[in-house]
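Novice: Following this message is one structure expressed as structure tokens.
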Amino acid sequence: MQNIIKKPIFKFEQKSSFVKIYLLLLLFAFALLIRMTGILWGNIHFDENIAMSVKVLTGQLIPDQHYYPPLLNYLNAGAFAIMYGIGRLIGVWKDLAGFRAQYFENIAPFLFAARLVTACLGAAAAPISVLIAQRFRLPLLWSFLVGVLIALFPVQVLLSHISKSDVGLSTAVLLVVWSLLRKLDLPNSKFADVLLGLSIALAFSFKHSALFVVAPLFFGMIIFMKVNNHVGWKQVIQSSAIVVLSSIVLWIPLNIGIVLDFQNFLEFQKVQNQMSYRSDGLFQGLGKWLSIQLDIYGGATIPALLLWLLVPVIRRDKETLLIWGSTVLGIVIIASITGLRQTPSLWLTYSMLIIVLAAIAAITLLTRTNQGRQWRYVGAVGLAAMFIWSSVGTINVLKQALSVPVNEQLKKAITELVKPNETRILGASNISNVLPIDPKAQEDEYQRHERLAKKYGVKLPPRATEKIFKDLKSNDGYYIRSFPWAIGGLEVYDEQNTKTIKPFAWPIQKEEWQLKYWTDQGFEIFIVADEQLYLQTKVDAYRQFHQQIHNQCELLKILEPQKPIFWESELKIYKCNNNNNS
Numbered sequence: 001m002q003n004i005i006k007k008p009i010f011k012f013e014q015k016s017s018f019v020k021i022y023l024l025l026l027l028f029a030f031a032l033l034i035r036m037t038g039i040l041w042g043n044i045h046f047d048e049n050i051a052m053s054v055k056v057l058t059g060q061l062i063p064d065q066h067y068y069p070p071l072l073n074y075l076n077a078g079a080f081a082i083m084y085g086i087g088r089l090i091g092v093w094k095d096l097a098g099f100r101a102q103y104f105e106n107i108a109p110f111l112f113a114a115r116l117v118t119a120c121l122g123a124a125a126a127p128i129s130v131l132i133a134q135r136f137r138l139p140l141l142w143s144f145l146v147g148v149l150i151a152l153f154p155v156q157v158l159l160s161h162i163s164k165s166d167v168g169l170s171t172a173v174l175l176v177v178w179s180l181l182r183k184l185d186l187p188n189s190k191f192a193d194v195l196l197g198l199s200i201a202l203a204f205s206f207k208h209s210a211l212f213v214v215a216p217l218f219f220g221m222i223i224f225m226k227v228n229n230h231v232g233w234k235q236v237i238q239s240s241a242i243v244v245l246s247s248i249v250l251w252i253p254l255n256i257g258i259v260l261d262f263q264n265f266l267e268f269q270k271v272q273n274q275m276s277y278r279s280d281g282l283f284q285g286l287g288k289w290l291s292i293q294l295d296i297y298g299g300a301t302i303p304a305l306l307l308w309l310l311v312p313v314i315r316r317d318k319e320t321l322l323i324w325g326s327t328v329l330g331i332v333i334i335a336s337i338t339g340l341r342q343t344p345s346l347w348l349t350y351s352m353l354i355i356v357l358a359a360i361a362a363i364t365l366l367t368r369t370n371q372g373r374q375w376r377y378v379g380a381v382g383l384a385a386m387f388i389w390s391s392v393g394t395i396n397v398l399k400q401a402l403s404v405p406v407n408e409q410l411k412k413a414i415t416e417l418v419k420p421n422e423t424r425i426l427g428a429s430n431i432s433n434v435l436p437i438d439p440k441a442q443e444d445e446y447q448r449h450e451r452l453a454k455k456y457g458v459k460l461p462p463r464a465t466e467k468i469f470k471d472l473k474s475n476d477g478y479y480i481r482s483f484p485w486a487i488g489g490l491e492v493y494d495e496q497n498t499k500t501i502k503p504f505a506w507p508i509q510k511e512e513w514q515l516k517y518w519t520d521q522g523f524e525i526f527i528v529a530d531e532q533l534y535l536q537t538k539v540d541a542y543r544q545f546h547q548q549i550h551n552q553c554e555l556l557k558i559l560e561p562q563k564p565i566f567w568e569s570e571l572k573i574y575k576c577n578n579n580n581n582s
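Written out as structure tokens, the structure reads:
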């Protein structure tokens with residue numbers, strides 16, 4: 001056992017920079033190809049807000065909503081500009097007016113470009129993982145296995161199919177880890193200080209929650225520089241100052257929308273804080289974290305988690321312990337804050353750190369020459385298991401990405417059951433992208449938001465002229481409205497307990513969660529998603545509303561999900577009227 005805990009000393013393989021760069025680019029292309037497969041998977045995720053990215057093209061640098069930093073909006077806008085340039089060259093759009101009209105007629109090209117940005121950010125994690133492995137003194141070819149494992153990481157592949165900041169954050173944190181390891185190897189390098197500062201700025205420009213892992217990494221680095229590298233306090237302070245200054249200098253332009261609207265940003269952070277915080281307790285939070293990590297489509301997978309737990313035993317070098325300990329500390333902090341309100345995207349950064357460290361630990365066991373054969377078997381089995389788990393998971397993700405979405409079945413069912421403008425439809429599922437919508441429905445939805453904005457004394461963001469309907473006469477569209485959901489996380493608070501109210505983040509309106517409220521307005525068709533979940537939810541308004549539909553309405557059709565990995569659930573179509581619920 002003593003042999004296993006000695007620090008391994010591997011020599012870097014002597015490869016030309018050109019060959020290494022070529023292999024890294026090849027790995028990036030491989031990872032990107034995986035993430036582009038099925039990129040238009042048939043629906044829009046509820047956390048995707050393409051509109052804010054499009055508005056950047058009009059010069060609006062300040063986002064309508066400040067829940068997350070605006071960097072992803074700016075990157076998406078850059079992708080849209082490139083798409084426009086290519087479209088002009090090949091004759092897709094004649095001018096800017098045609099490009100603008102495209103967004104309101106069919107959002108698919110913009111959705112593709114935005115998701116391509118996320119896919120590129122996700123794919124970049126693979127070559128960065130190779131560089132991290134090399135900083136841990138793994139041989140070049142073995143280091144590439146770590147990168148291939150990240151390229152095949154199921155939950156990262158899945159989340160790279162939506163335009164959201166979590167993937168960018170996870171890749172940026174890996175860049176922070178590599179920059180930090182480089183700094184520890186080169187304690188006197190000012191360029192290493194600047195590089196670390198820039199990577200930290202990048203992480204904080206995707207999500208503020210980078211703080212929970214970046215802060216312990218940074219302060220741990222300071223301690224290690226002083227203790228391990230025997231650097232004087234003057235140099236440590238100077239180096240830290242360069243890191244912080246470099247980070248601030250880059251953070252400002254990447255987050256100019258926050259800088260220009262800082263007070264409003266703070267108001268949105270109050271909403272975000274209330275959305276995220278739960279008082280369930282640390283142990284319940286850790287239990288939820290564990291269940292997510294054991295899910296092949298949610299976390300680091302079983303073999304990676306088991307190997308990660310053994311990392312401090314397999315490798316006792318200070319660099320490994322710093323990253324492992326910072327990961328643990330971040331997990332504990334977030335679990336204590338969020339309680340049971342957790343999703344795989346919340347943990348993506350930590351899942352990535354877990355699988356990178358687990359792969360490095362497995363390869364360390366496999367390649368050591370001064371230990372028993374049984375430990376090599378452990379490393380080989382662990383590494384093989386991670387590859388099998390990841391390959392199977394990613395294959396299933398891509399299969400579902402390419403399959404026909406349940407919305408196509410829903411479209412067919414609705415067109416068979418009712419004709420346009422024959423009745424009104426209230427839907428839990430987003431079907432506005434598969435059925436033509438009556439502009440009167442869109443106008444009524446906006447009037448609801450105007451009414452609530454007036455009620456709570458807030459101002460709605462400006463409305464695009466294309467969304468102001470002057471002619472509300474009946475057309476061939478369906479009158480479809482969405483369930484009046486509260487924004488995720490605020491559903492557990494009533495009006496009195498909602499601390500800060502911002503546009504579209506309205507508290508639950510109890511009258512809107514009564515079946516009679518909608519049937520009195522002429523709604524007859526109700527599309528319910530994941531009914532069993534809402535029949536048992538602790539949110540009274542949601543549960544009672546679904547119970548009313550279930551008990552008082554006629555079930556017309558049940559549609560089974562085709563892409564459960566892609567957040568599809570069972571759909572039920574009910575027919576209700578005033579006679580049912582009088």
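Count the sequence shown with the numbering used here and you get residues 1 to 582, in order. Using N, Cα and C, we set each Cβ at its ideal position, and we do this for glycine too.
Note down, in chain order, each residue of its chain lying with its Cβ closer than 7 Å to the Cβ of Pro303, except the 5 sequence neighbours on either side.
Specialist: These residues qualify, in order along the chain: Gly382, Ala385, Met386 and Trp389.
Novice: Around the Cβ of Lys207, are there at least 16 other Cβ atoms within 10 angstroms (buried) or fewer (exposed)?
Specialist: Lys207 comes out buried.
Novice: For Val173, which option in Leu348, Asn577, Leu556 and Cys576 has the closest C-alpha, if you only look at C-alpha atoms?
Specialist: Nearest option by C-alpha distance: Leu348.
Novice: Short check: CB of Gln547 to CB of Leu535, under 8 Å?
Specialist: In contact: Gln547 and Leu535 (Cβ atoms closer than 8 Å).
Novice: Find the nearest neighbour of Gly197 within the set Phe219, Leu250, Ala210 and Ile508, judged by alpha-carbon distance.
Specialist: Taking only the C-alpha atoms, the option nearest Gly197 is Leu250.
Novice: Tell me which same chain residues have a C-beta within less than 6 Å of the C-beta of Val434, skipping the five on either side of it?
Specialist: So the qualifying residues of the chain are Asn407 and Lys411.
Novice: Suppose you measure from the CA of Ile104 to the CA of Glu531; what does that come to, to the nearest Å?
Specialist: Contrary to the premise, residue 104 reads as Phe rather than Ile in this sequence. Each residue's alpha carbon lies about 32 Å from the other.
Novice: Please report how far the alpha carbon of Lys557 lies from the alpha carbon of Ala413, in whole angstroms.
Specialist: Approximately 8 Å between the Cα atoms of the pair.
Novice: Could you check if Thr415 is buried or exposed, using at least 16 other CB atoms within 10 Å of its CB as the buried criterion?
Specialist: Answer is exposed; the Cβ neighbour count stays below 16.
Novice: State the Cα-Cα distance for the pair Phe112 and Arg35, rounded to the nearest angstrom.
Specialist: Distance between the alpha carbons of Phe112 and Arg35 is about 12 Å.
Novice: Identify, in the order they occur along the chain, each residue of the same chain with its Cβ nearer than 7 Å to the Cβ of Ile331, setting aside the five sequence neighbours on each side.
Specialist: Hits under 7 Å: Trp289 and Tyr350.
Novice: Closer than 8 Å is the cut-off here; do at least three beta carbon pairs connect the segment 58-70 with the segment 254-267?
Specialist: Flag = yes, the segment 58-70 and the segment 254-267 touch.
Novice: Which of helix, strand or coil does DSSP assign to Ala384?
Specialist: Three-state result, Ala384: helix.
Novice: How many angstroms separate the CA atom of Gln400 from the CA atom of Arg368?
Specialist: Spanning the two alpha carbons is a distance of roughly 40 Å.
Novice: Please work out which residues of its chain come closer than 7 Å, Cβ to Cβ, to Trp324, disregarding the five sequence neighbours upstream and downstream, and give them in chain order.
Specialist: Contacts found: Val311, Pro312 and Leu357.
Novice: Going by DSSP in three states, Gly220 sits in which element: helix, strand or coil?
Specialist: Correct three-state label for Gly220: helix.
Novice: Which first and last residues belong to the alpha helix (DSSP H) in which Leu515 is found?
Specialist: Looking at the DSSP string, the run of the alpha helix (DSSP H) that includes Leu515 is Leu515 to Thr519.
Novice: Using the three-state DSSP reduction, which class does Arg182 fall into: helix, strand or coil?
Specialist: In this structure, Arg182 counts as helix in the three-state DSSP scheme.
Novice: With a threshold of 8 Å on Cβ separation, who are the neighbours of Leu286 within its own chain once the five nearest residues in sequence on each side are excluded?
Specialist: Result list for Leu286: Ile331, Val332 and Ala335, in chain order.
Novice: How far does the beta strand (DSSP E) with Ala529 in it reach, from first residue to last?
Specialist: Note, Ala529: beta strand (DSSP E), Phe523 to Ala529.
Novice: So what does Gly427 bridge to, in DSSP terms?
Specialist: BP columns for Gly427 point to Ser482 and Ile527.
Novice: What did DSSP end up calling Leu61 once you bin it into helix, strand or coil?
Specialist: Reduced to three states, the DSSP call for Leu61 is coil.
Novice: Using a Cβ-Cβ cut-off of 6 Å (strictly less than) and excluding sequence neighbours within five positions of Trp518, which residues of its own chain qualify?
Specialist: Once the five neighbours on either side are set aside, the close Cβ partners of Trp518 are Leu426.
Novice: Please classify Phe10: does DSSP put it in a helix, a strand, or coil?
Specialist: Bear in mind that the predicted position of Phe10 carries a pLDDT of just 40, short of 50, making it too unreliable to give a figure here.
Novice: Answer with buried or exposed for Thr338, where buried requires no fewer than 16 other C-beta atoms within 10 angstroms of its C-beta.
Specialist: Buried, by the Cβ-count rule.
Novice: So, with DSSP's three-state summary, where would you put Leu452?
Specialist: Reduced to three states, the DSSP call for Leu452 is helix.
Novice: On the DSSP letters alone, give me the boundaries of the beta strand (DSSP E) that Glu511 sits inside.
Specialist: Here Glu511 belongs to no beta strand (DSSP E), and DSSP marks it neither H nor E.
Novice: So, for Val378: in the same chain, excluding its five sequence neighbours on each side, which residues have a beta-carbon less than 6 Å away from its beta-carbon?
Specialist: Counting only Cβ-Cβ distances below 6 Å, and skipping sequence neighbours, we find Leu365.
Novice: So, helix, strand or coil for Tyr74, using DSSP?
Specialist: Correct three-state label for Tyr74: helix.
Novice: If you pair each beta-carbon of the segment 268-279 with each one of the segment 480-499, do three or more pairs fall below 8 Å?
Specialist: Yes, they touch.
Novice: Looking at the structure shown, is Ile487 part of a helix, part of a strand, or coil, going by DSSP?
Specialist: Note: Ile487 maps to coil in three-state DSSP.
Novice: Given Glu524, which residues of its chain have a CB within under 7 Å of its CB, disregarding the five upstream and five downstream residues?
Specialist: Cβ neighbours of Glu524 beyond the five flanking positions: Thr423, Arg424, Lys575, Cys576 and Asn577.
Novice: Straight-line CA distance for Glu511 to Val130?
Specialist: C-alpha separation (whole angstroms): 55 Å.
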